[in-house]
Amino acid sequence: MKRKIGSLIVGVVSLLFLWQLLTLLTNNRAVPNPFITLKRGWEIKEQLLLHTGASTLRIMISLLLSLLFGVPLGIMFSRRSVADKLFGPLLYFLYPLPKVAFLPVFMLFFGLGNTSKVLLIFSIISIQVIVSIRDSVNRIPESYYQVMRNYHSSKVQELQFLILPALLPGLLASLRISTGISLASLFFAENYNTTYGLGYLILSAWSKMDYEEMFAGILMIGFLGYLLFSFFDFLERRVCRYQ
């Protein structure tokens, strides 16, 4: 814990130093002083927390849906070769596509509200989860399944004691990557028919040329990402001790 706090302090000090240096070098109002930005963020802390809560809720719902949808499909594609042959090429086609390009399509089908934004983030995370789960399960040696069968283990026991422990590290790694991409996509997704969210706050501040507020919103996205990544690290330490 002390090591984690120490790393956080070093990271924050390094960020403030580089930011201050950039402010002095550019001498541009669009790059505000970091300490003035922090002061501004404190002044609007209630507003910042409200927007951060809205963005966090969208990401958490998307993560939950991605797990409910992606984990069973990933296992099925690994253990059922027919399903992988049928849908594997589709996954490889969809995987590199920039999912933010589909936001207008989601809006046409699901409206301009939260549903389309959640589905956009869900589309980013779910494919990553499916591919990582499938690959993690594929790496389990077939001899391990044979050992389970020799002990007359049921499918539930096979899932609980073999497949789930094997896929957890890959799942957490994919969630880190997907969450980072999702946070970056918030700026785009929350700019349409939204009154709450960090993406909305940043664009609104930019349109008003309130650069201190804009950078305060950017900092909150970074802080939210840090909290989510730390949560995944905590989960990995708790549930992947067998590694």
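So the sequence shown is residues 1 to 243, counted in my numbering. For every residue, glycine included, the Cβ atom is placed at its ideal position computed from N, Cα and C. Everything numeric in this text was worked out from a predicted model, so none of it was measured.
Where the alpha helix (DSSP H) through I124 begins and ends: 114 to 138
C-alpha distance - Q160 paired with L168, whole-angstrom precision: 11 Å
Buried or exposed (CB count within 10 angstroms, at least 16 for buried), T115: exposed
Distance cut-off 8 Å: F229 Cβ against heavy atoms of the ligand GTP: Among the ligands in the structure shown, none appear at all, so the ligand GTP cannot be discussed.
Euclidean distance between Cα positions of F69 and I9: 38 Å
The alpha helix (DSSP H) enclosing G225, as first and last residue numbers: 211 to 239
Segment contact, 8 Å Cβ cut-off, at least three pairs: the stretch 31 to 39 with the stretch 194 to 213: yes
Buried versus exposed call for F234 [16 or more other C-beta atoms within 10 Å across all chains shown]: exposed
Contact check, I133 vs G170, beta carbons under 9 Å: yes
For S78 and N138, believed in contact at Cβ under 8 Å, the rounded distance: 5 Å
Local conformation of T23 per DSSP, three classes: T23: helix per DSSP, three-state reduction.
G170 (DSSP reduced to helix, strand or coil): helix
Meets three-Cβ-pair contact criterion under 8 Å: the stretch 216 to 226 and the stretch 40 to 56: yes
Contacting residues, own chain, Cβ-Cβ under 6 Å from S245 (five flanking each side not counted): As shown, the chain starts at 1 and ends at 243. That puts residue 245 outside it, with no answer to give.
Nearest-angstrom Cβ-Cβ length linking L120 and K99, presumed shorter than 8 Å: 6 Å
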